[in-house]
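Visitor: Take a look at the following structure, please.
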Amino acid sequence: MPVITNINDLKHIYERRTPRMFYDYCESGSWTEQTFRENTSDFDKLYLRQRVAIDMAGRSTATQMIGQDVSMPVALAPVGLTGMQNADGEIKAARAAEKFGVPFTLSTMSICSIEDVAENTEKPFWMQVYTLKDDDFMQRLFDRAKAANCSAAVITVDLQLLGQRHKDLKNGLSAPPKLTVKSVANMMTKVQWGLGMLGTKRRFFGNIVGHAKGVEDASSLTTWTSE
-2 MPVITNINDL KHIYERRTPR MFYDYCESGS WTEQTFRENT SDFDKLYLRQ RVAIDMAGRS
58 TATQMIGQDV SMPVALAPVG LTGMQNADGE IKAARAAEKF GVPFTLSTMS ICSIEDVAEN
118 TEKPFWMQVY TLKDDDFMQR LFDRAKAANC SAAVITVDLQ LLGQRHKDLK NGLSAPPKLT
178 VKSVANMMTK VQWGLGMLGT KRRFFGNIVG HAKGVEDASS LTTWTSE
């Protein structure tokens, strides 16, 4: 195991182990990618004021978020396709958040379903949802989240129009991924990733396929999303 000293060390490992199309999915944004860049650069404007010569005994970052005890005031944000970044990725991320004591947010566009994550964790997690026009799907999604004991809904309200993600189009990103000569050649260099994906049954959008009417494959999912 390499020595990890900062987040960039993890990013380098991630880039080496994950197929390019999925790495690019997380490391890019839509159109000019201004928002994606500012998700990081905005933090460069924040400074912590150092305090010295004061008693620091008994210090703690523990607090509460919407009535839930947390080890520090942060949460894992929803990330679609996590289960294609790494086999059963949403389950692993939820377990890590649970162990550390912070909330995990499951994306509607996750590979592992609500039920998959609930079955493999002990504490309630949060559920991200879109403001979709498919009322039947939305009602059943909330019913499933409630049955899984999800403790909060994180509502995404900025998706009135799907932004064009240039790298995704060039890479042929989908779940399961489109197999081209280029993508297969790249995947063949990611042995650990490939073995993990062969060992799991979760390779498609577990919260949508089989739950939204008429959605049985990638093409029908695209049509449903656009509508």
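Heads up: the sequence shown begins at -2 in the working numbering, then just goes up one per residue.
Glycine included, C-beta positions come from ideal geometry on N, C-alpha and C.
Measuring straight from C-alpha to C-alpha, what distance separates His163 and Ala182?
Guide: Within the sequence shown, residue 163 is the residue found at index 166, counting from 1. Within the sequence shown, residue 182 is the residue found at index 185, counting from 1. Approximately 21 Å between the Cα atoms of the pair.
Visitor: Report the rounded CA-to-CA distance for His9 versus Ile111, giving the unit in angstroms.
Guide: If you number the sequence shown from 1, residue 9 lands on position 12. If you number the sequence shown from 1, residue 111 lands on position 114. Answer to the nearest angstrom: the Cα atoms are 30 Å apart.
Visitor: My guess is that Leu251 and Ala90 are in contact by the Cβ rule of under 8 Å, so how many angstroms apart are they, rounded?
Guide: Outside the displayed span of the chain (-2 to 224) sits residue 251, for which this structure offers no information.
Visitor: DSSP three-state call for Met18: helix, strand or coil?
Guide: Along the sequence shown, read from residue 1 onward, the residue named residue 18 stands at position 21. Residue state, collapsed to three classes: helix.
Visitor: Does the beta carbon of Arg14 come closer than 8 Å to any beta carbon on chain D?
Guide: Checking the listed chains, one finds no chain D in this structure; it contains a single protein chain.
Visitor: Answer yes if the stretch 186 to 205 comes into contact with the stretch 51 to 70, meaning at least three C-beta pairs across the two stretches below 8 Å, and no otherwise.
Guide: No, the stretch 51 to 70 is not in contact with the stretch 186 to 205.
Visitor: Would you call the stretch 149 to 159 and the stretch 12 to 20 touching, i.e. three or more CB-CB distances under 8 Å?
Guide: The stretch 149 to 159 vs the stretch 12 to 20: no contact.
Visitor: Output needed for Gln161: all residues of its chain with C-beta closer than 8 Å, excluding positions within five of it in sequence on either side, in chain order.
Guide: Along the sequence shown, one-based indexing puts residue 161 at 164. Result list for Gln161: Ser27 and Trp28, in chain order.
Visitor: Hey, how far is the Cα of Leu43 from the Cα of Arg34?
Guide: Walking along the sequence shown from the start, residue 43 turns up at place 46. Walking along the sequence shown from the start, residue 34 turns up at place 37. Taking the straight line from one Cα to the other gives about 16 Å.
Visitor: Assuming Glu87 and Ile63 make a contact with CB atoms under 8 Å, what is their CB distance in whole Å?
Guide: Locating residue 87 in the sequence shown gives position 90, counting from the first residue. Locating residue 63 in the sequence shown gives position 66, counting from the first residue. Going by Cβ atoms, the distance from Glu87 to Ile63 rounds to 21 Å, so no, they are not a contact pair.
Visitor: Grouping DSSP H, G and I as helix and E and B as strand, with all else coil, what is Asp85?
Guide: In the sequence shown, residue 85 corresponds to position 88, counting from 1. DSSP places Asp85 in coil when its eight states are reduced to three.
Visitor: Could you pull out every residue in the same chain whose Cβ sits closer than 8 Å to the Cβ of Gly169, ignoring the five residues on either side in sequence?
Guide: Walking along the sequence shown from the start, residue 169 turns up at place 172. Hits under 8 Å: Met18, Lys175, Thr177 and Ser180.
Visitor: Leu7 to Cys23, Cα distance in whole Å?
Guide: Residue 7 sits at position 10 when you count from the first residue of the sequence shown. Residue 23 sits at position 26 when you count from the first residue of the sequence shown. Taking the straight line from one Cα to the other gives about 14 Å.
Visitor: Would you kindly work out how many angstroms separate the C-alpha atoms of Ala149 and Phe139, rounded to a whole number?
Guide: Position 152 of the sequence shown, counted from the start, is the residue given in the question as residue 149. Position 142 of the sequence shown, counted from the start, is the residue given in the question as residue 139. Their backbone Cα atoms lie some 10 Å apart in a straight line.
Visitor: Can you tell me whether DSSP reads Arg138 as helix, strand or coil?
Guide: Translated into the one-based positions of the sequence shown, residue 138 becomes position 141. A small correction: the amino acid at residue 138 is Leu; Arg does not occupy that position in the sequence shown. In the structure shown, Leu138 sits in a helix (DSSP, three-state: H, G or I).
Visitor: Taking only the alpha-carbon atoms, compute the straight-line gap between Leu159 and Gln47 and give it to the nearest angstrom.
Guide: Position 162 of the sequence shown, counted from the first residue, corresponds to residue 159. Position 50 of the sequence shown, counted from the first residue, corresponds to residue 47. Near 42 Å, if we compare the C-alpha coordinates of Gln47 and Leu159.
Visitor: Can you give, in chain order, each stretch of the beta strand (DSSP E) that sits fully within the stretch 106 to 165 and has at least 3 residues?
Guide: As far as the stretch 106 to 165 is concerned, its whole beta strand (DSSP E) runs of at least 3 residues are 123 to 127 and 149 to 153.
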